[in-house]
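The block underneath contains the structure these notes are about, expressed in structure tokens.
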Amino acid sequence: MQFAGSHILSVTQFERADVETIFSVADRMEPYAHRRRVTKVLDGAILGSMFFEPSTRTRVSFGSAFNLLGGEVRETTGFENSAIAKGESLYDTARVLSGYSDVIAMRHPAAGSVAEFAAASRVPVINGGDGANEHPSQALLDLYTIKKELAGRGRGIDGLRIAMVGDLRYGRTVHSLCKLLCLFDRVQVVLVSPQELRMPGEIVEDLRAAGHEALESEALEASIAHVDIVYSTRIQEERFSSQQEADLYRGRFRLNQTIYTEHCEPNTVIMHPLPRDSRETARELDDDLNDNPNLAIFRQTDNGVLVRMALFALVLDVADEVDAHARDVNWYTAGRFG
Amino acid sequence: MQFAGSHILSVTQFERADVETIFSVADRMEPYAHRRRVTKVLDGAILGSMFFEPSTRTRVSFGSAFNLLGGEVRETTGFENSAIAKGESLYDTARVLSGYSDVIAMRHPAAGSVAEFAAASRVPVINGGDGANEHPSQALLDLYTIKKELAGRGRGIDGLRIAMVGDLRYGRTVHSLCKLLCLFDRVQVVLVSPQELRMPGEIVEDLRAAGHEALESEALEASIAHVDIVYSTRIQEERFSSQQEADLYRGRFRLNQTIYTEHCEPNTVIMHPLPRDSRETARELDDDLNDNPNLAIFRQTDNGVLVRMALFALVLDVADEVDAHARDVNWYTAGRFG
Amino acid sequence: MQFAGSHILSVTQFERADVETIFSVADRMEPYAHRRRVTKVLDGAILGSMFFEPSTRTRVSFGSAFNLLGGEVRETTGFENSAIAKGESLYDTARVLSGYSDVIAMRHPAAGSVAEFAAASRVPVINGGDGANEHPSQALLDLYTIKKELAGRGRGIDGLRIAMVGDLRYGRTVHSLCKLLCLFDRVQVVLVSPQELRMPGEIVEDLRAAGHEALESEALEASIAHVDIVYSTRIQEERFSSQQEADLYRGRFRLNQTIYTEHCEPNTVIMHPLPRDSRETARELDDDLNDNPNLAIFRQTDNGVLVRMALFALVLDVADEVDAHARDVNWYTAGRFG
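Chain order of the listed sequences is A, B and C.
Just so we're aligned, residue 0 is where the first sequence starts under numbering that gives the first Met the number 0, counting upward by one.
Just so we're aligned, residue 0 is where the second sequence starts under numbering that gives the first Met the number 0, counting upward by one.
Just so we're aligned, residue 0 is where the third sequence starts under numbering that gives the first Met the number 0, counting upward by one.
This is how it looks when you write it as structure tokens:
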């Protein structure tokens with residue numbers, strides 16, 4: 000695809016080469032995200048961060064990514080007081096707000112709303128999540144993390160062996176990740192979930208149509224025995240009709256260090272889209288994994304900054320100029336990303 | 000008036016020459032708002048954006064305008080958690096907050112509150128709306144839009160023919176616009192409203208005292224036949240005692256492309272302070288006007304950025320230095336303001 | 000202590016030399032806070048402003064301080080929509096959010112929460128208030144104000160005579176100020192409160208163990224007769240079981256210009272952590288003191304910016320480079336800090 004001036008709305012808009020372009024630019028963002036260098040390539044540019052549904056970490060991640068390229072951020076959070084709530088159309092909202100910034104990152108509770116907004120926007124729009132529908136930067140950061148975690152061991156996305164665990168029915172991140180995996184070769188996916196929360200059939204079919212292996216299972220321990228990645232997910236309790244129904248599934252497929260040691264291959268990478276539940280009966284990943292160097296969950300969120308920097312640089316067409324507007328910095332950084 | 004260090008509280012503080020100064024500076028802001036150039040003239044300056052009543056677009060417009068001059072923005076939205084709600088006086092709030100920034104843009108639900116705040120502030124305060132009272136930057140952007148829309152056709156504010164349509168009783172924007180028009184010559188104003196929502200008598204008298212024609216009417220179609228501008232407004236439902244009462248008036252004087260074609264002169268400009276209502280029975284301006292090149296409603300909001308940039312530049316006394324701190328930019332801009 | 004890379008969590012972490020270092024750096028921040036000069040020493044750095052409990056002025060003060068050093072600010076306010084509310088641990092929240100910024104200023108309603116967060120953070124954390132526990136930058140700005148107010152008259156913190164007045168039981172600021180005073184010599188503290196709202200015994204003992212005089216009193220007028228500073232505080236109504244109980248104490252020990260003139264030594268300085276209550280029956284400091292040049296309450300909040308700039312400069316290890324990245328500015332400043 001042509002990135003300059005384009006909207007980023009769905010993982011389905013990418014071909015393999017596009018994903019590789021994003022990851023290549025993300026790699027080059029590392030010295031800036033790790034604060035060895037500062038760039039001002041987007042000095043004077045404004046991100047409109049329009050979060051009509053709250054999401055602290057996605058919002059801050061987008062905002063920090065834009066700041067790290069030298070740009071400014073104007074934000075809106077919440078919905079109740081918006082003009083949309085007073086009966087304004089998304090068309091009008093988009094026409095107006097797109098006059099205030101150079102690019103927009105938008106989150107909205109209604110599926111399809113971001114695409115509708117983008118159609119009327121005069122600047123590129125990046126989908127930061129539209130309900131149960133899409134959250135492309137999350138899928139990209141997940142796949143980018145897989146690539147980076149495996150790089151040191153001579154393995155890659157082609158030939159990947161991955162177990163996805165938990166609420167595969169409502170978990171938006173695993174749906175999008177599967178769609179991205181369809182762009183690559185020879186992937187083995189083990190889908191571990193309760194019967195009632197199985198991965199939707201059409202996604203399983205997509206995986207198989209792409210030539211991948213897709214196995215479904217209800218047995219955690221056997222399923223994680225021969226994979227490179229265990230991707231655990233939270234029960235999406237807001238999608239259930241009652242707390243009680245969600246509780247039926249919470250805490251199933253709980254991974255801890257003992258199970259990891261007994262069943263996983265050495266250096267199996269553990270991922271999770273976060274937040275993970277810390278309540279005793281609801282945990283997906285136990286705290287005793289926190290010292291496991293293969294727990295990649297915080298490297299995932301760090302990678303999110305890199306991927307979002309790459310998306311901004313690409314849609315604003317400055318990816319090749321980032322280094323030209325840069326300098327080294329010397330403020331205290333010893334603790335960063337430690 | 001002397002702009003440097005002054006508060007901008009009311010349209011009544013301006014003489015004609017002041018309005019022309021603001022518009023002249025706004026004109027010079029275009030290359031920056033359209034992103035052909037970036038200026039850092041306010042690099043290091045801080046805007047305190049104090050929105051004790053929410054208003055996404057006004058807040059973001061002020062913030063973006065300040066960013067476009069190179070400054071930073073610190074924001075507050077909402078009232079419930081403010082010290083004012085805990086019993087602090089506006090005097091104290093103003094003394095404290097004005098120590099944190101170089102200029103303040105403030106919105107507050109109570110009429111007169113912004114002026115009270117400004118009296119205690121140690122930095123210039125721009126009124127971003129104080130209840131039913133004043134919203135001077137809105138009136139300025141409306142008049143600036145009129146000037147720009149008519150410029151291409153050899154007409155101007157002097158000699159203007161304008162129809163104001165809708166809720167003229169509670170619509171703050173039309174009140175302020177009329178006050179500004181009193182600074183100019185030979186204006187013809189047609190005031191189209193339900194009987195119950197007529198323009199307040201003292202404003203009609205002001206128009207006439209300024210030598211203008213002011214006609215009142217309940218007939219939309221005849222009233223828009225010989226004007227340069229149709230300025231439509233929303234029913235201010237929050238001012239009515241019930242939803243039912245507001246509904247009586249909603250959707251009256253609805254303009255669509257058919258009425259426009261049959262009744263208006265060619266190139267009659269359509270304006271609206273936004274948001275316009277998109278609900279089927281409540282529309283003031285139909286969606287079929289969206290392709291009409293004379294629909295200026297989004298150029299209005301774009302012009303708001305220019306006018307607010309001009310106000311900031313004037314009160315901080317940097318209007319003549321904007322270009323000296325500027326450079327051209329080359330990030331992707333093809334879609335902007337399209 | 001070693002400031003670079005350290006958390007600022009409690010006044011108890013400081014020795015006298017540390018406090019003096021902070022004040023010395025704060026002094027050097029004056030030309031920047033007063034807008035005679037602009038520095039970009041933290042150009043490219045990001046402050047994560049995480050206010051899980053709202054506090055407009057503390058939040059804006061931290062943010063402005065960071066902007067004044069050239070850095071950017073990414074903010075979060077409120078708690079309801081946070082991942083913590085969905086069951087995420089503070090450990091996870093800290094690991095994630097500390098990947099988005101170079102330093103964090105955090106406020107949270109639960110005592111101890113900021114320290115728990117800091118233990119997992121990968122960047123320095125400054126405590127912006129954790130419930131009834133600590134708010135070290137407030138205590139520092141109070142002491143810094145005392146130092147500056149007395150400097151012109153050849154007096155200092157050593158040998159200070161101070162009356163603390165009001166709700167000494169629940170008032171976090173006076174507790175912390177007493178702890179800081181224990182680092183200095185020969186202080187006389189008069190503690191004026193209702194019997195039920197006396198200063199906690201262990202703090203009184205700390206003062207005495209430090210060699211200070213600490214007298215308790217219920218008589219305002221005699222207590223303020225021979226002091227350098229009257230430090231008045233608000234009734235912390237949120238700590239009482241009912242509004243009625245809080246009202247019992249509100250408005251006691253009310254200071255006005257008449258009492259000041261009759262009982263205080265000339266030039267006795269009046270301080271208050273703000274907000275002060277402006278409701279007629281609840282005032283601690285009457286409005287007729289507003290013209291008293293010894294009312295230092297707004298100089299206190301101004302000093303807060305200087306102290307927070309100093310803390311940022313120290314933990315990010317740029318205190319000695321601020322001037323090297325600076326230039327003079329010439330935008331309108333006549334009204335600032337007036």
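Glycine included, every Cβ here is placed at the ideal spot set by N, Cα and C.
Since this is a predicted model, take the numbers as computed values, not measurements.
With 8 Å set as the bound, which would you pick, yes or no: does the beta-carbon of residue i sit closer than that to a beta-carbon of chain B?
{"i": "ASN66/C", "result": "yes"}
{"i": "SER136/C", "result": "no"}
{"i": "GLY86/A", "result": "yes"}
{"i": "GLU71/A", "result": "yes"}
{"i": "GLY317/C", "result": "One point to set straight first is that residue 317/C is Val, not Gly, in the sequence displayed. Not an interface residue."}
{"i": "ILE45/A", "result": "yes"}
{"i": "ARG56/C", "result": "yes"}
{"i": "ASP91/A", "result": "yes"}
Could you tell me the alpha carbon to alpha carbon distance between residue i and residue j, rounded to whole angstroms?
{"i": "ASN266/C", "j": "ASP319/B", "result": "44 Å"}
{"i": "VAL113/B", "j": "ALA118/C", "result": "43 Å"}
{"i": "GLY98/C", "j": "ARG121/C", "result": "7 Å"}
{"i": "VAL328/A", "j": "ALA44/C", "result": "10 Å"}
{"i": "THR144/C", "j": "MET0/A", "result": "59 Å"}
{"i": "ALA333/B", "j": "HIS33/B", "result": "In this prediction, ALA333/B scores a pLDDT of 47, lower than 50, which makes its location untrustworthy; the coordinate-derived value is nonetheless stated afterwards. The straight-line gap from Cα to Cα measures roughly 10 Å."}
{"i": "LEU41/B", "j": "ARG36/C", "result": "12 Å"}
{"i": "GLN187/C", "j": "ILE161/C", "result": "6 Å"}
{"i": "ALA16/C", "j": "ASP316/C", "result": "17 Å"}
{"i": "PHE252/C", "j": "LEU219/C", "result": "6 Å"}
{"i": "LEU304/A", "j": "THR75/C", "result": "A small fix is needed here, since residue 304/A is Val in this sequence, not Leu. Roughly 17 Å between the two C-alpha positions."}
{"i": "PRO292/C", "j": "ILE125/B", "result": "28 Å"}
{"i": "ASN66/B", "j": "ALA93/C", "result": "30 Å"}
{"i": "LYS146/C", "j": "ASP301/C", "result": "14 Å"}
{"i": "ASP346/A", "j": "ILE234/A", "result": "This structure gives no information on residue 346/A, because the portion of chain A shown stretches from 0 to 337."}
{"i": "GLY86/C", "j": "LEU182/C", "result": "41 Å"}
{"i": "LEU46/B", "j": "LEU96/A", "result": "20 Å"}
{"i": "GLU236/A", "j": "LEU167/A", "result": "13 Å"}
With 8 Å set as the bound, which would you pick, yes or no: does the beta-carbon of residue i sit closer than that to a beta-carbon of chain C?
{"i": "TYR99/B", "result": "yes"}
{"i": "VAL338/B", "result": "Chain B is shown only over 0 to 337; residue 338/B falls outside these bounds and no answer can be derived."}
{"i": "THR75/B", "result": "yes"}
{"i": "ALA224/A", "result": "no"}
{"i": "ARG94/B", "result": "yes"}
{"i": "ASP322/B", "result": "no"}
For chain A, find out if any of its Cβ atoms is closer than 8 Å to the Cβ of residue i; answer yes or no.
{"i": "LEU180/C", "result": "no"}
{"i": "LEU273/B", "result": "yes"}
{"i": "ALA82/C", "result": "yes"}
{"i": "ASP17/C", "result": "no"}
{"i": "GLY337/B", "result": "Interpretation of GLY337/B is limited by its pLDDT of 45, a score under 50 that renders its predicted location unreliable; no figure is taken from the coordinates."}
Leaving out five residues on either side along the sequence, give the residues of the same chain with a beta carbon under 6 Å from the beta carbon of residue i.
{"i": "ASP26/A", "result": "none"}
For residue i, does the count of other Cβ atoms within 10 angstroms reach 16, so buried, or fall short, so exposed?
{"i": "GLY337/C", "result": "Only weak support is given to the placement of GLY337/C: the predicted model assigns it a pLDDT of 45, under 50, and the value that follows is read from those uncertain coordinates. Exposed, because fewer than 16 other Cβ atoms sit within 10 Å of the Cβ of GLY337/C."}
{"i": "PRO272/A", "result": "buried"}
{"i": "ARG207/C", "result": "exposed"}
{"i": "LEU214/C", "result": "exposed"}
{"i": "ARG56/B", "result": "buried"}
{"i": "GLN341/A", "result": "Lying outside 0 to 337, the shown extent of chain A, residue 341/A is not represented and no answer is given."}
{"i": "GLY170/C", "result": "buried"}
{"i": "GLU279/B", "result": "exposed"}
{"i": "GLU133/C", "result": "buried"}
For residue i, which residues from the same chain have a beta carbon less than 7 Å from its beta carbon, with the 5 sequence-adjacent residues on both sides left out?
{"i": "LEU294/C", "result": "ILE269, LEU288"}
{"i": "ASP255/A", "result": "In the sequence under discussion, the amino acid at residue 255/A is Asn, which differs from the Asp named in the question. Cβ within range, chain order: ASP285, ASP287, LEU288."}
{"i": "VAL24/C", "result": "ALA309, ALA312, LEU313, ALA318"}
{"i": "MET28/B", "result": "LEU305, MET308, ALA309"}
Within the 8 Å Cβ cut-off, does residue i reach chain F?
{"i": "ALA104/B", "result": "This model lacks chain F altogether, as its protein chains are A, B and C."}
Ordered along the chain, which non-local residues of its own chain (more than five positions away) have a Cβ less than 8 Å from that of residue i?
{"i": "SER63/C", "result": "VAL304"}
* Asked: Which parts of the stretch 161–239 of chain A are runs of the beta strand (DSSP E), unbroken and 3 residues or longer, counting only runs that do not cross its ends?
  -> 187–191, 212–216, 228–231
* Asked: Curious, which full-length beta strand (DSSP E) runs of at least 3 residues does the stretch 251–286 of chain C contain?
  -> 268–270
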